[in-house]
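What follows is one structure encoded as structure tokens, with my remarks underneath.
Numbering (full-length UniProt numbering), first residue to last: 1 to 161.
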């Protein structure tokens, strides 16, 4: 599993350039991206997760070119936990995760097994019937992590403050 980024530029409509002609190779394993506030870290993660289209440049994931025709294939390989997570406040933890699993294309029975497994691993199993809006910030973050792992991604992107 590797990501190759070549001449990547992201410019917003207000003419702000968030990423300017970046080249980067991310090998298999754990990789940390550090930088000042506003340096473009979150923007890069949004590009890598297909949430944001770059203005220019090329990105490949295991040789798969980032293009609209390949986005679904790429999304199946990636789990994403953004900095801020708002997961349907009026749904229970279980309902929210089942819905997210459905969106990720995980079969229902398999999704329930994975939810049970990850809720146990994150010490959230006893909170599965609580509404999302009743959870603390840290608990919501752990639900977000479970959500990011439901499709058992090959590549996990975690954006932290």
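Even glycine gets a Cβ: it sits at the ideal position worked out from N, Cα and C.
For residue i and residue j, I'd like the C-alpha separation in whole angstroms.
i	j	result
residue 154	residue 78	6 Å
residue 39	residue 68	26 Å
residue 15	residue 9	12 Å
residue 29	residue 60	16 Å
residue 95	residue 88	9 Å
residue 71	residue 50	7 Å
residue 132	residue 122	15 Å
residue 143	residue 34	25 Å
residue 22	residue 56	10 Å
residue 73	residue 53	16 Å
residue 129	residue 75	28 Å
residue 134	residue 62	40 Å
residue 5	residue 32	15 Å
residue 13	residue 47	16 Å
residue 120	residue 17	42 Å
residue 86	residue 36	25 Å
residue 91	residue 138	17 Å
residue 136	residue 152	25 Å
residue 125	residue 11	42 Å
Could you tell me if residue i is buried or exposed, where buried requires 16 or more neighbouring beta carbons within 10 angstroms of its beta carbon?
i	result
residue 140	buried
residue 3	buried
residue 147	buried
Return the chain-ordered list of same chain residues with a C-beta closer than 7 Å to the C-beta of residue i, the five sequence neighbours on each side being excluded.
i	result
residue 84	none
residue 26	2 and 3
Apart from the five residues on each side of it in sequence, which residues of its chain come closer than 8 Å, Cβ to Cβ, to residue i?
i	result
residue 150	79, 97, 100, 101, 104, 106, 111, 114, 115 and 118
residue 109	none
residue 162	Outside the shown range of the chain (1 to 161) lies residue 162, about which nothing can therefore be said.
Does the distance from the CB of residue i to the CB of residue j come in under 7 Å?
i	j	result
residue 127	residue 160	no
residue 45	residue 157	yes
residue 19	residue 42	no
residue 81	residue 145	yes
Counting only runs of 3+ residues fully inside the stretch 4-30, write out the beta strand (DSSP E) ranges in chain order.
17-26
At 4 residues or longer, what runs of the alpha helix (DSSP H) sit wholly inside the UniProt domain "ABC transporter" (26-159)?
41-48, 71-77, 93-103, 108-121 and 137-149
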